[in-house]
Amino acid sequence: MADRFANRVSDSMARSLNHHRAGAGEPLVLIHGIGSSWRAWLPVMRALEARHEVFAIDLPGFGDSPPLGEGVRPTVPALVDAVEGQLDELGLERPHLAGNSLGGWVALELARRGRARSATGVSPAGMWTPREAAYARGQLKLAYAATRRLRPHARAVTRTAAGRTGVFSLVSSRPWQLDPAQACHALEAIGGSETFLETLELSTTDRAWGLDEIGVPVTIAWGSRDRLLLPRQGPRFVRMIPGSELRPLAGAGHVPMWDDADLVTRTILDRTARAA
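For the sequence shown, the numbering used here gives the first residue as 1, with consecutive numbering after it.
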């Protein structure tokens, strides 16, 4: 399996990734999920920035980051390469990492490469059965098609609790409570990505491997009301990663930062503090 991750960032992939940077302290890198952007972390940013210098990255082809270089497909190994290249550019040898969904998978792969001081996977992707992967792929294809149609009307749709519920009930347990401005950004992000479908296809036909090689502290956190990646996937990560811990996030959905920001903040800061 090591061959999948053997190559470092090629010249064609070495493009700077858009990122938000703020705060002071040990560096903490945040990595969002598919179809999202660094803004997914906004509900927890201020509290994290009080303890860490935070770098919230847009993955290639999402948010304001350019896609990977010409001819480079957005496989999980390629995304990990790109983020690792960004860590090099920022001078971050072994930051704390936290990632949600696809970003959680990327964070754990970076930890496997020795590029993390600690890692928190928040409902990370990659430890699915073929049936679970097919379910996630199907649900996200439907969500993408809907947001493409709604994107021209994003502001109007997300202004109402009913609109937010209709768009985000797959990933949030309390979508009606979402901040309208953040919901608008989120709808525009997923609907505006031209690499979404290819990234989705390549990631959901792959699986996380080799995580037993991780040698840093890891927390796997999972929303108890995750409707996209079912909570039963969490223990599979813990069984594979030596010394890792499973933290249930009671009442939260797939993007738990949106549902219980305080709980997610405490979970991440508990991990980074114990790894300091």
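Backbone N, C-alpha and C fix where the C-beta goes; we use that ideal spot for every residue, glycine too.
So is D81 buried or exposed if we call it buried at 16+ other beta carbons inside 10 Å?
buried
Helix, strand or coil for P27 per DSSP?
strand
Beta carbon of P60, beta carbon of L108: below 9 Å?
No, the pair does not count as a contact, with Cβ atoms beyond the cut-off.
Going by other Cβ atoms of all chains shown within 10 Å of its Cβ, with 16 needed for buried, is D212 buried or exposed?
It is exposed - the Cβ of D212 has fewer than 16 other Cβ atoms within 10 Å.
So, do the stretch 253-263 and the stretch 135-151 have three or more beta carbon pairs nearer to each other than 8 Å?
no
Are the stretch 39-52 and the stretch 69-83 touching, with three or more C-beta to C-beta distances below 8 Å?
no
Using only CA atoms, which one of P27, G35, Y135 and L142 lies nearest to L92?
P27
Closest to W38 by CA distance: which of H19, T160, P124 and E53 is it?
H19
Does the distance between the C-beta of V238 and the nearest non-hydrogen atom of the ligand NAD fall short of 8 Å?
No copy of the ligand NAD appears in this structure; indeed no ligand is present at all.
In chain order, what residues of the same chain have a beta carbon less than 6 Å from the beta carbon of I268, not counting five sequence neighbours either side?
These residues qualify, in order along the chain: A98 and T120.
Report yes or no: is there a C-beta of chain C within less than 9 Å of the C-beta of G253?
The structure shown contains no chain C; it holds only a single protein chain.
Can you tell me whether P217 is helix, strand or coil according to DSSP?
When DSSP states are grouped into helix, strand and coil, P217 belongs to the coil group.
If you draw a straight line from the C-alpha of A273 to the C-alpha of S244, how long is it?
15 Å
Is the CB-CB distance between A186 and S65 below 9 Å?
no
Counting along the chain, where does the beta strand (DSSP E) carrying E245 start and finish?
Its beta strand (DSSP E) spans residues E245 to L249.
Return the chain-ordered list of same chain residues with a C-beta closer than 6 Å to the C-beta of D262, the five sequence neighbours on each side being excluded.
none
Can you tell which of S118, A156 and A22 has its C-alpha closest to the C-alpha of H52?
A22
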